[in-house]
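Here is the structure we will look at.
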Amino acid sequence: MAILVLAEHDNASLKLDTAKVVTAAKAIGTEIHVLVAGHECAEVAAAAQRLDGVTRVLLADAAAYQAHLAENLAKLILELAPDYEHILASASSVGKDTLPRVAALLDVAQISEVVQVLGGDTFVRPIYAGNAMAKVQSLDDKKVLTVRASAFDATANGGNAGLESIDKVIEAKTQFVSQSLTVSERPELGNAGIIVSGGRGMGSGENFAMLEALADSLGAAVGASRAAVDAGFVPNDLQVGQTGKIVAPDLYIAVGISGAIQHLAGMKDSKVIVAINKDPEAPIFQIADYGLTADLFEAIPELIAAIKA
Amino acid sequence: MKVLVPIKRVVDANVKVRVKADNSNVDTANLKMALNPFCEIAVEEAVRLKEAGSASEIVVVSIGSKAVQEQLRTAMALGADRAIHIETDEELTPLSIAKLLKAVQEKEQAQLVIFGKQSIDGDNNQTGQMFAALTDMPQATFASEVKLEGDSLLVTREVDGGLQTLKLPLPAVVTTDLRLNEPRYASLPNIMKAKRKPLDVMAVADLGVTLKQHVKLLDVTPPAQRTAGVMLASVAELVEKLRNEAKVI
């Protein structure tokens, strides 16, 4: 039976997460449908149609779906569910919000943050902040999964899927009031090839300008530890860790971050890890490929100069 | 307004767990246990709502072995009025937990149910959402601010890319994010007082819920270990390594 993938988007563009979830779906089967639910999001559907491996795109375009509220989105997916054996979404804030509701309505379990597909019913997922990997088998007739996007490569373009409109509109009791999104010129944290992250050692929000300069010299995204977020240095959506973003870039530069279990949970699958910390005992050095014991206030400007040279 | 707060006993956040030699699960024997940090934030938020005059009663509930009573007492020492313990030695999936909590809600009729957004052991991030689905309540997950406005709840949520504010009619479900509040410490007099607060014990059978097994745990393995890296002496050396050895810049 077919696989349904919930598209991740902001009504204007399809997020790369969707292409990564499609890769996970390809490991399960070949009949892959993508649901684009939103408002005035025809462009998003068109982008989903181009994804390689996608055989059909379902477009539910209505004001009720604009804010991607779990309440009505879950009911919409429930309507479609009889045709699907697998329902997937990225383990993003929308996916994590919505899919457990879908699973409960279907009376099946959800398997969260899948990092490996071993078959149609067997999956690997991290538990205990990534300190153990659990291989689990779903005993339900329908499998509802959230996929850790950073564990899969994005599927390429090259597809030409058919488009189908869904007229069903389900209203939510919840009302969307407002949102404030962090505006940044830098790449999105989840999809960046290089991430420069700062921790408590940065000392202040102003000092993050230094990390931003380093990030710009590398074309990198900026991340942060919980300590930096709690201290108000940077907004919380930059947090990398068990409860923030889970990332796996080619290069992760941790600056002034000690390396608590909860932070490591979010970045230890990065290909190359660099740690810059003045404490040689900091746990971050145990997982860093390259460590530098140095005062970050001297090392960072030097690093920026060396990269530009 | 009555507030229901489901809580969970988990391995302390600072303990690094190890996988059992037979790969059947993680070894949690003799480890320090604690109230799940997100649940602690949920209890704190309920207590603040009571202090602000918005909540009239706070009921905490936990599902598990007899040991969870320790965390229920902790929650009462923090300000919860009474506790419900649903006793079982079985490991339950979030869906089964949500079903049991739904049965509790049918009796309690709470106007607001506050969950932690995830437990730090299972890392599922499901129970609150599932409970909301089963009870057909609106939900605001990953809350960083909760305000009661008449019959509605204004909740600011932490979403990818920033913050989002939603308005929910009551009864509603909220799941807490780390930045919702800074939980207080229980004082010794409050810990003593909590010992006398009511704690009801129920069996799963008392709730009239039939549970089934949804997921089979096949094995648990340690994550791939990273090979030890090298310590470098200078920034110049670091840049050289990144360019020529790792080839990442």
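If you're matching them up, the sequences are chains A and B in order. Residue 137 in the working numbering sits at position 137 of the first sequence, with consecutive numbering throughout. Residue 1139 in the working numbering sits at position 139 of the second sequence, with consecutive numbering throughout. Every residue gets a Cβ at the ideal spot worked out from N, C-alpha and C, and that includes glycine. Here the structure is a predicted model, which is why all the values come from computation and not from measurement.
(message) Measuring CB atoms only, is the segment 1113 to 1125 of chain B touching the segment 1165 to 1184 of chain B, in the sense that at least three cross pairs come out at less than 8 angstroms?
(response) yes
(message) Would E1040(B) pass as an interface residue toward chain A - the criterion being a Cβ-Cβ separation below 8 angstroms?
(response) In the second sequence, counting from the first residue as 1, residue 1040(B) sits at position 40. No, E1040(B) does not count as interfacial toward chain A.
(request) Could you tell me the distance, in whole angstroms, from the CA atom of C41(A) to the CA atom of A1046(B)? (result) Here residue 41(A) is taken as the residue at index 41 of the first sequence, counted from 1. Here residue 1046(B) is taken as the residue at index 46 of the second sequence, counted from 1. The alpha-carbon atoms of C41(A) and A1046(B) are separated by roughly 39 angstroms.
(request) Under 8 angstroms between beta-carbons, which chain A residues line up against G1229(B)? List them in chain order, please. (result) Taking the second sequence and counting its residues from 1, the one referred to as residue 1229(B) is at position 229. Within 8 angstroms Cβ-Cβ: I273, F285, I287, A288, D289, Y290, G291.
(message) Using only the alpha-carbon positions, how far apart do E79(A) and D1160(B) sit?
(response) Position 79 of the first sequence, counting from 1, holds the residue named residue 79(A). Position 160 of the second sequence, counting from 1, holds the residue named residue 1160(B). Whole-angstrom Cα-Cα distance: 27 angstroms.
(message) So within the segment 1066 to 1123 of chain B, which uninterrupted alpha helix (DSSP H) runs reach at least 4 residues, ignoring any that extend past its ends?
(response) 1068 to 1078, 1094 to 1108
(request) With a threshold of 16 other CB atoms inside 10 Å of the CB of Y967(B), please say whether the residue is buried or exposed. (result) Nothing can be reported for residue 967(B): it is not among the residues displayed for chain B, which extend from 1001 to 1249.
(request) May I ask you to report which of helix, strand or coil DSSP gives I336(A)? (result) Outside the displayed span of chain A (1 to 309) sits residue 336(A), for which this structure offers no information.
(message) Assuming V1254(B) and L292(A) are in contact, meaning their beta carbons sit under 8 angstroms apart, how far apart are those beta carbons, in whole angstroms?
(response) There is no way to answer for residue 1254(B), as the model of chain B reaches only from 1001 to 1249.
(request) Rounded to whole angstroms, what's the CA-CA distance from A227(A) to G205(A)? Just pull it up for me. (result) What you label residue 227(A) is simply residue 227 of the first sequence in a count that begins at 1. What you label residue 205(A) is simply residue 205 of the first sequence in a count that begins at 1. Near 12 angstroms, if we compare the C-alpha coordinates of G205(A) and A227(A).
(message) Just to check my reading of the structure: E1145(B) and T1156(B) have Cβ atoms closer than 8 angstroms, yes? What is that Cβ distance to the nearest angstrom?
(response) By 1-based counting over the second sequence, the position of residue 1145(B) is 145. By 1-based counting over the second sequence, the position of residue 1156(B) is 156. So it is a contact: roughly 4 angstroms between Cβ atoms.
(message) If we define contact as Cβ-Cβ less than 8 angstroms, is T122(A) a contact residue for chain B?
(response) Indexing the first sequence from 1 puts residue 122(A) at position 122. Output row for T122(A): interface = yes.
(request) Please check if any C-beta of chain B sits within less than 8 angstroms of the C-beta of E281(A). (result) The residue labelled residue 281(A) in the question sits at position 281 within the first sequence. No, its Cβ sits nowhere closer than 8 angstroms to a Cβ of chain B.
(message) The beta strand (DSSP E) that contains N277(A), what's its start and end?
(response) Your numbering for residue 277(A) matches position 277 in the first sequence. 272 to 277 is the extent of the beta strand (DSSP E) around N277(A).
(request) Can you give me the start and stop residues for the beta strand (DSSP E) that D1200(B) sits inside? (result) By 1-based counting over the second sequence, the position of residue 1200(B) is 200. D1200(B) -> beta strand (DSSP E) spans 1199 to 1203.
(request) Helix, strand or coil for Y1185(B), going by three-state DSSP, please let me know. (result) In the second sequence, the residue the question calls residue 1185(B) occupies position 185. The answer is coil: DSSP assigns Y1185(B) none of H, G, I, E or B.
(request) Under 8 angstroms by Cβ, that's how I've got N1121(B) and I127(A) pegged, so tell me the actual separation to the nearest angstrom. (result) Reading the second sequence from its first residue, position 121 is the one you call residue 1121(B). Reading the first sequence from its first residue, position 127 is the one you call residue 127(A). The question names Asn, but residue 1121(B) is Asp in the sequence shown. Contact holds; Cβ gap of about 7 angstroms.
(message) If you measure between the beta carbons of L16(A) and A154(A), is that distance less than 8 angstroms?
(response) Here residue 16(A) is taken as the residue at index 16 of the first sequence, counted from 1. Here residue 154(A) is taken as the residue at index 154 of the first sequence, counted from 1. Yes. Within cutoff.
(message) My output table needs one value for I111(A): the three-state DSSP class, helix, strand or coil.
(response) What you label residue 111(A) is simply residue 111 of the first sequence in a count that begins at 1. Of the three classes helix, strand and coil, the one that applies to I111(A) here is strand, per DSSP.
(request) To the nearest angstrom, report how far apart L251(A) and K271(A) are at their CA atoms. (result) Position 251 of the first sequence, counted from the start, is the residue given in the question as residue 251(A). Position 271 of the first sequence, counted from the start, is the residue given in the question as residue 271(A). C-alpha separation (whole angstroms): 6 angstroms.
(message) Judging by CA-CA distance, which residue of P1223(B), E1149(B), L1238(B) is the nearest neighbour of L1049(B)?
(response) Here residue 1049(B) refers to the residue found at position 49 of the second sequence. Nearest C-alpha to L1049(B): E1149(B).
(message) In the DSSP assignment, the alpha helix (DSSP H) including A305(A) goes from what residue to what residue?
(response) Taking the first sequence and counting its residues from 1, the one referred to as residue 305(A) is at position 305. It spans 296 to 308 - the alpha helix (DSSP H) in which A305(A) sits, taken as one unbroken run.
(message) I want to know whether the segment 1056 to 1063 of chain B touches the segment 1077 to 1097 of chain B - three or more CB-CB distances under 8 angstroms.
(response) yes
(message) Given a cut-off of 8 angstroms on the beta-carbon distance, is the pair L327(A) and E171(A) in contact?
(response) Nothing in the structure corresponds to residue 327(A), since chain A is present only between 1 and 309.
(request) Would you mind working out which of A1205(B), N1190(B), K1241(B), L1078(B) sits nearest E1253(B), comparing C-alpha positions? (result) Limits of chain B in this structure are 1001 at one end and 1249 at the other, which puts residue 1253(B) out of reach.
(request) Express the C-alpha separation of E298(A) and R56(A) in angstroms, rounding to a whole number. (result) One-based indexing of the first sequence puts residue 56(A) at position 56. One-based indexing of the first sequence puts residue 298(A) at position 298. Roughly 54 angstroms separates the two Cα atoms.
(request) Name the residue from D97(A), G223(A), D295(A), A309(A) whose alpha carbon lies nearest to the alpha carbon of H310(A). (result) The requested residue 310(A) does not occur in the structure, where chain A is confined to residues 1 to 309.
(message) DSSP three-state label for K10(A), please.
(response) Looking up residue 10(A) in the first sequence gives position 10. Residue identity check: residue 10(A) is Asp in the sequence provided, not Lys. Note: D10(A) maps to coil in three-state DSSP.
(request) Measuring alpha carbon to alpha carbon, tell me which of I111(A), V34(A), G241(A), G158(A) ends up nearest N131(A). (result) Sequence index remark: in the first sequence, residue 131(A) carries index 131 (1-based). With distances taken between Cα atoms, N131(A) lies closest to G241(A).
(request) If I'm right that K1002(B) touches A1140(B) with Cβ under 8 angstroms, what's the distance once you round it to whole angstroms? (result) Position 2 of the second sequence, counted from the start, is the residue given in the question as residue 1002(B). Position 140 of the second sequence, counted from the start, is the residue given in the question as residue 1140(B). So it is not a contact: roughly 18 angstroms between Cβ atoms.
(request) Give the range of the alpha helix (DSSP H) segment to which Q262(A) is assigned. (result) The sequence position of residue 262(A) within the first sequence is 262, counting from 1. It spans 261 to 267 - the alpha helix (DSSP H) in which Q262(A) sits, taken as one unbroken run.
(message) One question on the structure: do T174(A) and E71(A) come within less than 8 angstroms of each other, judged by their Cβ atoms?
(response) Taking the first residue of the first sequence as position 1, residue 174(A) is located at position 174. Taking the first residue of the first sequence as position 1, residue 71(A) is located at position 71. Cβ distance < 8 angstroms, so T174(A) and E71(A) count as in contact.
(message) When you compare the CB of A1052(B) with every CB in chain A, is at least one pair closer than 8 angstroms?
(response) Working through the second sequence from its first residue, we reach residue 1052(B) at position 52. False, the Cβ-Cβ gap to chain A never drops below 8 angstroms.
(request) With a threshold of 16 other CB atoms inside 10 Å of the CB of M1192(B), please say whether the residue is buried or exposed. (result) Along the second sequence, one-based indexing puts residue 1192(B) at 192. It counts as exposed.
(request) Please decide whether F176(A) counts as near chain B, where near means a Cβ-Cβ distance under 8 angstroms. (result) Within the first sequence, numbered from 1, the residue matching residue 176(A) stands at position 176. Closer than 8 angstroms: yes.
(message) So A224(A) contacts chain E; which residues on that side make the cut at Cβ distance below 9 angstroms?
(response) You won't find chain E in this structure, because its protein chains are A and B.
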